[in-house]
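Oh and the sequence shown: position 60 is 45 in the working numbering, straight run, nothing missing. Every residue gets a Cβ at the ideal spot worked out from N, C-alpha and C, and that includes glycine. Below is one structure; the comments refer to it alone.
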Amino acid sequence: MQDYFEQAITRDQADKLARFRDYFSNNEQLIYLDGNSLGQLPLATKKLLNQLVAEQWGERLIRGWNEQWMDLPSRLAAKIAKLVGAQPDEIFVGDSTSLNLYKLAFAALMAQKRKTKIVSDELNFPTDLYVLQGLIKQQFHHHQLLLIKSPDGISIGEEQLEKLLDNQTALLTLSHVAFKSAFMYNMKNVNELAHKKGALVIWDLSHAAGAVDLELNASGADMAVGCTYKYINGGPGASAFLYVRKDLQVQLINPIASWFGHNKPFDFDRQFQSADNIRKFGVGTPNILSMAAMEPGLDLLLEAGMPALRRKSEALSVFMLEMIQKELVPLGFSVASPMQIEKRGSHLSIQHPEAYRINRAMIEPKDTSKAIIPDFRPPDLIRMGFAPLYNRFEEMAATIQRIKNIVSLNEFERFGKEKLTVT
Ligand SMILES: Cc1ncc(COP(=O)(O)O)c(C=O)c1O
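And the structure:
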């Protein structure tokens, strides 16, 4: 391991993004490898929220809407657009990823009324599949949901995907980066395959936004949804976003008509008249406190730039994979992520029969060493995320060293097998 620690120090010294770590709280007390689940708190967010609550809400009260808050969602949308390679008027910020997927999937199925197939894959995040199942049960009774199978539970080939697409396919919806294995589709290729069959595509970018270079416009994406509490560092339950390509916006109808999707909400007209732009996807009053919390994290990502962030994420991930193969595979671990970096998002999963208890032992060390926080995904995965704004190479080497110690000294036996609610 000594060699790896030396390499890590050299790489940290050469890291052009190293200074961004100082903009986050908490980072000397622990090694945080869960930025793919809940990103760290930017120090500027802490300050901003205090000020917003005390001054804007506390003193300005309802005047805050005209002074600051009405413009906030579109300002954030413009920043997210930059991050994902879209136009500002193609992004709506608000609601949760699940709700945004519901709205877009409903709209897409209505727009493709004569087709009855919905295609997704078995690596997709459960909420996405639940939303589709719910739509079929409640409204689209004759539709069928087909899931592309993964031969190894890690990846899916384009040829497997292509086999399920035909001219009856109304909608293809996939996570761009799979939540367990980190498998990443080639978005442009998949859009082309789907469009050849006349299917619309919705991407879930939750594990991709702020983690990989996205070019929604250039890759011909129709629609997308994503959360902002992972790599965007927006905070627990932060508002999500959706993307709809400009020329599709006219034909798609939000199934939830509400005043914030109205053309003129403050006319208080009794008759609903939809906005004719991306605002039509609004459902109710924007969640200002949570939205405001998103901006400092977005600003840091934009300042660092996605190409540089992806380069560092790749370097961290490749370094980690090399150590896993050399040091952990001999101890009974296997790699549950694609081997090629161009097929991986910004996390890595490793498999071990005692994954849950090893994960607990990493988080709750028995001595004064730093807690190391990855997460556990059933049945037997430890998932480690690389957030290039704040993770260091040295943390990667320290993590591998800790896992080696935990396993070789059976340290995980301090914990029971019953699981905590959030793992
Ligand atoms: C890929 C993916 N989609 C959707 C969700 C759920 O999003 P929300 O809770 O905002 O509906 C998650 C949550 O982790 C996710 O990882």
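{"query": "Would Asp360 pass as an interface residue toward chain B - the criterion being a Cβ-Cβ separation below 8 angstroms?", "result": "In the structure shown, chain B cannot be found, because there is only a single protein chain."}
{"query": "By how many angstroms is the C-alpha of Ile(-6) removed from the C-alpha of Ile348?", "result": "23 angstroms"}
{"query": "Quick check on the DSSP output: what are the complete alpha helix (DSSP H) runs of length 4 or more inside the stretch 233 to 309, in order along the chain?", "result": "273 to 277, 280 to 289, 291 to 308"}
{"query": "If you run the structure through DSSP and keep just helix, strand and coil, what is Phe91?", "result": "helix"}
{"query": "Going by alpha carbons, who is nearest to Leu156 out of Phe125, Ala293, Leu374?", "result": "Phe125"}
{"query": "Taking the C-alpha atoms as reference points, what is the distance between Leu130 and His332?", "result": "28 angstroms"}
{"query": "Please confirm whether Pro281 and Leu33 have their CB atoms less than 8 angstroms apart.", "result": "yes"}
{"query": "Check whether the stretch 76 to 96 and the stretch 212 to 231 are in contact - that is, three or more C-beta pairs closer than 8 angstroms.", "result": "yes"}
{"query": "With DSSP as the reference, identify every bridge partner of Ala356, one or two as the case may be.", "result": "Leu15"}
{"query": "Are there 16 or more other CB atoms within 10 angstroms of the CB of His127, so buried, or fewer, so exposed?", "result": "exposed"}
{"query": "Inspect the beta-carbon positions of Ile367 and His337 and report whether they are closer than 8 angstroms.", "result": "yes"}
{"query": "What do you get for Tyr115, buried or exposed, if any count of 16 or more other CB atoms within 10 angstroms of its CB means buried?", "result": "exposed"}
{"query": "Given this structure, state the Cα-to-Cα distance separating Met276 from Gly317, to the nearest angstrom.", "result": "43 angstroms"}
{"query": "Around the C-beta of Asn390, are 16 or more other C-beta atoms found within 10 angstroms, so that it is buried, or is it exposed?", "result": "exposed"}
{"query": "In the DSSP assignment, what residue or residues form a beta bridge with Trp54?", "result": "Per DSSP, none; premise fails for Trp54."}
{"query": "Report the CB separation of Ile133 from Ile139 in whole angstroms; it is logged as a contact under 8 angstroms.", "result": "Wrong, their Cβ atoms sit about 13 angstroms apart, outside the cutoff."}
{"query": "In three-state terms, what does DSSP make of Asp106?", "result": "strand"}
{"query": "Less than 7 angstroms between the CB of Ser81 and some heavy atom of ligand 1, yes or no?", "result": "yes"}
{"query": "With DSSP as the reference, identify every bridge partner of Leu84, one or two as the case may be.", "result": "Partner(s): none; Leu84 has no beta bridge."}
{"query": "Rounded to whole angstroms, what's the CA-CA distance from Gln(-8) to Gly370? Just pull it up for me.", "result": "20 angstroms"}
{"query": "Say the cut is 7 angstroms; is the CB of Ala225 nearer than that to a heavy atom of ligand 1?", "result": "yes"}
{"query": "Ligand 1 and Phe110: does any heavy atom of the ligand fall closer than 7 angstroms to the residue's C-beta?", "result": "yes"}
{"query": "Which stretch, first to last residue, makes up the beta strand (DSSP E) that contains Val229?", "result": "226 to 229"}
{"query": "On a CA-only basis, which of Lys181, Cys212, Glu299, Arg399 is nearest Pro350? Give me that one, please.", "result": "Arg399"}
{"query": "Just how far apart, CA to CA, sit Asp7 and Thr213?", "result": "21 angstroms"}
{"query": "Apart from the five residues on each side of it in sequence, which residues of its chain come closer than 7 angstroms, Cβ to Cβ, to Gln386?", "result": "Met(-14)"}
{"query": "So which of Leu159, Glu380, Ala356, Gln97 has the shortest CA-CA distance to Asp(-3)?", "result": "Glu380"}
{"query": "Quick check on DSSP: helix, strand or coil for Pro221?", "result": "coil"}
{"query": "Output yes or no for whether 8 angstroms exceeds the beta carbon distance between Ser191 and Lys173.", "result": "no"}
{"query": "Between which two residues does the beta strand (DSSP E) containing Phe77 stretch?", "result": "76 to 78"}
{"query": "Three-state secondary structure (DSSP) at Thr101?", "result": "coil"}
{"query": "How many angstroms separate the CA atom of Ala278 from the CA atom of Gln153?", "result": "42 angstroms"}
{"query": "With Ala346 and Leu201 assumed to form a contact (beta carbons below 8 angstroms), what rounded beta-carbon distance in angstroms separates them?", "result": "With a Cβ gap of about 41 angstroms, Ala346 and Leu201 do not count as contacting."}
{"query": "Under the criterion of a Cβ to heavy atom distance below 7 angstroms, does Ser160 qualify as lining ligand 1?", "result": "yes"}
{"query": "Return the chain-ordered ranges of every alpha helix (DSSP H) run that is complete within the stretch 148 to 202 and spans a minimum of 4 residues.", "result": "172 to 181"}
{"query": "Which class does Arg362 belong to by DSSP, given the choice of helix, strand or coil?", "result": "strand"}
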